[in-house]
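For reference, the structure discussed in these notes is given below.
Numbering (the working numbering), first residue to last: 12 to 50.
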């Protein structure tokens, strides 16, 4: 997930995404990340 943040940081800055929107984005993607990490 940290790697994803680093990869997308420039996109977030470019599109003027607020910190709350970034937090919500990662809250909604946690299940997907867990499905990748857990068998």
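Note that CB positions come from ideal geometry on N, CA and C, so glycine has one too.
Please read these numbers as outputs of a predicted model, since none were measured by experiment.
- prompt: What three-state label does DSSP hand residue 24 in the structure shown?
  reply: As a working note, residue 24 is residue 13 in the chain shown. Residue state, collapsed to three classes: helix.
- prompt: Shortest alpha-carbon distance to residue 15 belongs to which of 32, 30, 25, 40?
  reply: Locating residue 15 in the chain shown gives position 4, counting from the first residue. Of the candidates 32, 30, 25, 40, 40 places its Cα closest to the Cα of residue 15.
- prompt: Does at least one heavy atom of the ligand ATP sit under 7 Å from the Cβ of residue 21?
  reply: Inclusion of the ligand ATP in the displayed structure is not the case, the ligand content being empty and no account of it being possible.
task: Return the CA-CA distance between residue 26 and residue 50, expressed in angstroms with no decimal places.
output: In the chain shown, residue 26 corresponds to position 15, counting from 1. In the chain shown, residue 50 corresponds to position 39, counting from 1. Between residue 26 and residue 50, the C-alpha separation is close to 35 Å.
- request: Alpha carbon to alpha carbon, how far is residue 12 from residue 48? Give it in angstroms, no decimals.
  value: Locating residue 48 in the chain shown gives position 37, where the first residue counts as 1. Locating residue 12 in the chain shown gives position 1, where the first residue counts as 1. Distance between the alpha carbons of residue 48 and residue 12 is about 10 Å.
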